[in-house]
Amino acid sequence: MVMVNHQESGDVPMMMCLGAYFGLAHNTTWIMDEMFRWTPFGVPSQWHNDFFSKEGNKEVVIKRIKKHFTTTYFERGLKWLIFYPEGGYLRNRGERARNWAAKNNLPVLYNCCLPRTTAFIALVQSFRGEVTEVPEQVEDIIDVTLMYKGPRGSLSD
Numbered sequence: 401m402v403m404v405n406h407q408e409s410g411d412v413p414m415m416m417c418l419g420a421y422f423g424l425a426h427n428t429t430w431i432m433d434e435m436f437r438w439t440p441f442g443v444p445s446q447w448h449n450d451f452f453s454k455e456g457n458k459e460v461v462i463k464r465i466k467k468h469f470t471t472t473y474f475e476r477g478l479k480w481l482i483f484y485p486e487g488g489y490l491r492n493r494g495e496r497a498r499n500w501a502a503k504n505n506l507p508v509l510y511n512c513c514l515p516r517t518t519a520f521i522a523l524v525q526s527f528r529g530e531v532t533e534v535p536e537q538v539e540d541i542i543d544v545t546l547m548y549k550g551p552r553g554s555l556s557d
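To convert, take the position in the sequence shown, counting from 1, and add 400; that gives my numbering.
Take a look at the structure:
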């Protein structure tokens with residue numbers, strides 16, 4: 401399971417290149433926002449059976465994730481999962497995430513957002529065998545932190 405913080409749109413192709421470099425592309429499922437479904441990388445992601453998430457009722461989101469992993473990920477014998485637990489770009493979610501953190505007495509972060517946990521919890525339940533008959537093991541959780549220069553850095557930095 402690979403969790404990546406999300407700074408800007410260049411993060412996705414960077415992770416795709418790393419996956420291709422290490423030979424993981426055909427054994428990987430991505431979780432991405434529904435808005436990317438019809439983008440240049442979203443169409444092949446549909447053919448690849450990646451998961452497209454949309455905000456909404458928490459219970460509906462959890463059911464969709466569990467169903468997808470039961471019918472796609474485990475059946476295809478995939479080994480890698482890449483997702484962005486922040487749920488979006490820092491520039492779009494930063495202020496809202498900071499307000500939420502302050503309201504809930506959590507650390508206020510400026511260079512990344514606190515993770516959104518609904519998808520992560522559903523994934524952990526799936527891998528524990530709470531959804532499928534045969535629990536899969538998560539051998540590693542890899543936390544990738546992408547960094548750019550300055551408070552509004554870009555991939556070109």
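Cβ atoms here follow ideal geometry from the backbone N, Cα and C, with glycine treated the same way.
Computed from a predicted structure; not experimentally measured.
Neighbour-count burial assignment, residue i, 16 or more Cβ in a 10 Å radius
i: Tyr581; result: Since the first and last residues shown for the chain are 401 and 557, residue 581 lies out of range.
i: Val404; result: buried
i: Asp411; result: buried
i: Tyr421; result: exposed
i: Leu523; result: buried
C-beta atoms of residue i and residue j nearer than 7 Å
i: Pro515; j: Glu495; result: no
i: Cys513; j: Arg493; result: yes
i: His426; j: Phe451; result: no
i: Trp430; j: Ile482; result: yes
i: Arg480; j: Thr517; result: Arg is not the amino acid found at residue 480; the sequence shown has Trp there. Cβ distance not < 7 Å, so Trp480 and Thr517 don't count as in contact.
Cβ-based neighbour list, residue i, same chain, cut-off 8 Å, excluding 5 preceding and 5 following
i: Leu509; result: Ala497, Arg498 and Ala501
i: Gly442; result: Met432, Phe436 and Phe452
i: Met416; result: Ala425 and Phe441
i: Val534; result: A caution first: Val534 carries a pLDDT of 49, below 50, which makes its placement in the model too unreliable to give a value.
i: Arg476; result: Asn449
Residues near residue i in its chain [Cβ-Cβ closer than 6 Å; skip 5 each side]
i: Ile444; result: It should be pointed out that residue 444 corresponds to Pro in this sequence rather than to Ile. Nothing listed; no residue qualifies.
i: Thr545; result: Asn405
i: Val461; result: Thr518
i: Gly553; result: Residue placement at Gly553 is flagged as unreliable, the pLDDT there being 49, under the threshold of 50; a coordinate-derived value is accordingly withheld.
Close-in-space but distant-in-sequence residues of the same chain around residue i (CB under 7 Å, 5 per side omitted)
i: Phe520; result: Pro485
i: Gly423; result: none
Notebook entry, point to check: Counting pairs of beta carbons, one from the stretch 433-440 and one from the stretch 452-465, are three or more of them closer than 8 Å?
Noted result: Yes, the stretch 433-440 is in contact with the stretch 452-465.
Margin query: My parser needs the alpha helix (DSSP H) runs of 4 or more residues fully inside the stretch 430-484; what are they?
Written below: Unbroken alpha helix (DSSP H) runs of no fewer than 4 residues, entirely contained in the stretch 430-484, are found at 442-447 and 458-468, following chain order.
Notebook entry, point to check: Where in the stretch 497-533 do unbroken runs of the beta strand (DSSP E), each at least 3 residues long, occur, reported from the N-terminal end onward?
Noted result: Runs found: none.
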